[in-house]
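Listed in order, the protein sequences are those of chains U and D.
Going by my numbering, the first sequence opens with residue 5, and the numbers climb by one from there.
Going by my numbering, the second sequence opens with residue 5, and the numbers climb by one from there.
Number of protein chains: 2
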Amino acid sequence: MSSSKIPAEFQLIERIQAMLASAAAEKGVILGIGDDCAVLEGAEGKYLLVTTDMLIEDVHFSRAFSSLHEIGQKAMIVNISDIAAMGGEPRFAFISLAFPSSFSLEEFDQLWEGMIEVARRYSLLVLGGDTNASFPQLNDHGLVINITLIGEVQPSELISRQGAGEGDLILLTGQIGDSAAGLDLLTSRRFFAQAASGSKPEDICCYQQAVQRHRVPVVRLSESRIISRHHLATAMIDVSDGVATDLRHLLCPRLGGQREMGELGAILWPEKIPVSEAAAKVARMLGKEPLTYALCGGEDYELLFTATPDQAYKAKELIERQTLTSVSIIGEITEKVKGIHLIDGQGQIAPFLAAGFDHFKR
Amino acid sequence: MSSSKIPAEFQLIERIQAMLASAAAEKGVILGIGDDCAVLEGAEGKYLLVTTDMLIEDVHFSRAFSSLHEIGQKAMIVNISDIAAMGGEPRFAFISLAFPSSFSLEEFDQLWEGMIEVARRYSLLVLGGDTNASFPQLNDHGLVINITLIGEVQPSELISRQGAGEGDLILLTGQIGDSAAGLDLLTSRRFFAQAASGSKPEDICCYQQAVQRHRVPVVRLSESRIISRHHLATAMIDVSDGVATDLRHLLCPRLGGQREMGELGAILWPEKIPVSEAAAKVARMLGKEPLTYALCGGEDYELLFTATPDQAYKAKELIERQTLTSVSIIGEITEKVKGIHLIDGQGQIAPFLAAGFDHFKR
């Protein structure tokens, strides 16, 4: 029997989903595998949101690029972002760690303080965990972090990936591209040094912003709460794998949707996509396409959501007024085309082809 | 500043606990860090039990000693055992995996089938997960498994580590020592081969039993449910780190107990400790002390609990009748001595000194 290699992450998830398809119908389960969080019945009529995320050193983060304090912050933030993506609030965290043998108590404290700082900021309690020795072969660089987060949401305020419909507008909080641009800068240090030496101060500021946002992403929790409390979105996801990839999840609900997979399409308006100034500058310097950072970059942790046109403008207005975070209306959901399309200046529609971020390809 | 090495697991847990001491007083939290599971308010007046456990290849398991199917089974079982230790029933699992690059789809299926087989047996649903590439430096042997389990228990049936009192008897389900003896056999394959060639068939059977029990431990879920439904225990824990180490947790409740740390002691009756026949035979062959396997071995996943004398005999009778699992009364809780003591044939009491199993020393 020939031995097939482990497929890319999304295929593996589909394989697991197929094996677990019956789970969603069980007592106490509102939503099974396939969204940002699983949704369970909780106390006092609320729903519980549960998400888990494993981070491996030199796969998901690098101590060459980020301090342990930043790595701890980000590990917590990416999980909070999954709770925010469903309209909920984070409550409890369970942290498993594996340390390389060279890890010192000071290093532990830096990592831990980063996690706890974010937990405190969002009134999140660490209630359990597990500490372990990492792989004996890896004397250094063997850090593994797994965080399971439990959040809460009122049933009427839950927002899933399923629910977008023909004519809905597509919205995005904040600006995108920073994280991918920052990672590009970090991995091409030579360019960074060259560029920095000959760069204007405002450019250096932009580079630093991109790098910093890669190290410690934003958390759009207040924005998510406005959307969920006012029932403004028909579907929502956080941008972890790139707008293009994550938008596809809003077009192809995987479990128990009313419509067939891939029945919906999206048309994006390139000039409306909020590429950050920093990402644009980095792209110019490194000879890249700013829209690639923005649509395929990943790890922006902005909220991508769909809403009926009147709710869309209300969401934009409310969020911008209450949080000062900008909201962009970047396209619309359609049944006329399948998948994601871009519309150019002449009104021509062309399919968007580039693939998103995939942990197995990185 | 000198850099101190990461301390052994228990010290690290104490350090984390000290940082998180306030967590237990929060809304919705019944028990914070420091027991087998965290305890939260759940739906319909029930309590939720949450536990998380990370397993690292060649630290916690070895593919040289166990098949991937067995590794998957054990990963699920050790978490179910934490739920059983508090009197609850497992409901939902969240699995994070990191695979080495050489991992094949067939290998994934073997591991997954092991986990799902156990999940099905205990009506446990897998509701989420995360799949990742493991450390790039580890082409092989880089498997990481993290399981977070959510269980349920009626508030009146919850059993914590806190609650043992003077005069309580100490009870243990089943027999102990197999897992440590099995691991010893596996790590001393030369002895195993020699012994097997010159051994009687019944001895070989014993060796195989010990090895098998190391690979796939028992789950004492029915036994736990009898204890919790009938309110038979004052405190309970599962034997993961060795009876001696785990018993200490019942003497020194770490969080919010009514008594000072270490105020209680335990006297064990060596002749009552249910050392398995297999462990005794392996000890004889390898020139070891059977009681060391039994008290310091770890990974037996039997239930260790305390009960008032009349409840103790009732527990023994009910469990043995309803499950066919033997229950041994192995000692008593006392305030006369501190820590764990053994009483010898002449009635002399001597402190028990050997340390338990610790993941960082392994």
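No residue lacks a Cβ here, since even glycine has one placed at the ideal position from N, Cα and C.
Interface with chain D (7 Å Cβ-Cβ cutoff): L299/U is excluded. Sequence-distant Cβ neighbours of A214/D in its own chain, meaning closer than 7 Å and more than five residues away, are D182, A185, G186, L189, A282, A283, V286. Residue state for D245/D is assigned as coil, using DSSP reduced to three classes.
None of the residues of the stretch 80–91 of chain D has a beta carbon lying less than 8 Å from any beta carbon of chain U. Only T55, T56, D57, M58, L59, I60, E61, D62, V63, H64 from the stretch 55–73 of chain U bring a Cβ to less than 9 Å from some Cβ of chain D.
With the criterion set as a beta carbon lying under 8 Å from some beta carbon of chain D, the members of the stretch 114–147 of chain U are W116, I120, L129, V130, L131, G132, G133, D134, T135, N136, A137, S138, F139, P140, Q141, L142, H145, G146, in sequence order. Contact annotation for V33/D against chain U: F96, L129, L131 [CB-CB distance below 8 Å, chain order]. Under the three-state reduction of DSSP, F107/D is assigned to coil, being neither helix nor strand. Residue environment analysis places K78/U among the buried positions, since at least 16 neighbouring C-beta atoms fall within 10 angstroms of its C-beta. Residue contact with chain U for E45/D: present (Cβ-Cβ distance below 7 Å to some residue of chain U). Counting along the chain, E324/U sits inside the alpha helix (DSSP H) bounded by residues 313–327. Taken atom to atom, the span from the alpha-carbon of L52/U to that of G155/U is near 6 Å.
The C-beta separation of G335/U from I174/U comes to about 4 Å, placing the pair in contact by the 8 Å criterion. Going by DSSP, V215/U is part of the alpha helix (DSSP H) stretching over 205–219. With respect to chain D, the C-beta atom of G36/U has a partner C-beta closer than 7 Å. Contact between L236/U and Q315/U is confirmed by a C-beta separation of about 5 Å, below the 8 Å threshold.
By the beta-carbon neighbour count (other beta carbons within 10 angstroms, threshold 16), D134/D is buried. In this structure, A88/U keeps its C-beta atom at 7 Å or more from the C-beta atom of A168/U.
N83/U has its alpha-carbon roughly 12 Å from the corresponding atom of R224/U.
Between T329/U and T191/U, the C-beta gap is not smaller than 7 Å, which leaves the two residues out of contact. The count of Cβ pairs closer than 8 Å, one atom from the stretch 218–232 of chain D and one from the stretch 299–309 of chain D, reaches three, so the stretches are in contact.
Below the 8 Å Cβ cutoff, chain D contributes no neighbours of T249/U, its closest Cβ being approximately 16 Å away. Rounded to the nearest angstrom, the gap between the Cα atoms of K342/D and A354/D is 11 Å.
Under DSSP, M240/U takes part in a beta bridge, and its partners are F309/U. Against chain U, the CB of S100/D has a partner CB under 7 Å away; the residue lies at that interface. Excluding residues up to 5 positions away in sequence, I337, T338, E339 lie with their Cβ nearer than 7 Å to the Cβ of E170/U in the same chain. Setting aside the 5 residues that flank it on each side, D40/U is surrounded in the same chain by T55, D86, A89, M90, I241, D242, each with a C-beta closer than 7 Å to its C-beta; the list follows chain order. Taking a Cβ-Cβ threshold of 9 Å, none of the residues of chain U is close to E293/D; the smallest such distance is about 26 Å. Note on geometry: alpha-carbon atoms of L128/U and A298/U lie some 30 Å from one another. Selection L308/U, V130/U, N150/U, I347/U evaluated against L255/U yields L308/U as nearest (Cα-Cα).
In the three-state DSSP reduction, R193/U falls in the helix class (H, G or I).
Our two residues, I344/U and C300/U, have alpha carbons roughly 13 Å apart in a direct line.
At least 7 Å separates the CB of E161/U from every CB of chain D.
In terms of Cβ geometry, L115/D and G146/D do not form a close pair [threshold 7 Å]. Boundaries of the alpha helix (DSSP H) around V82/U: 72–88. Pairing A97/D with I60/D gives a Cβ-Cβ distance that is not under 7 Å.
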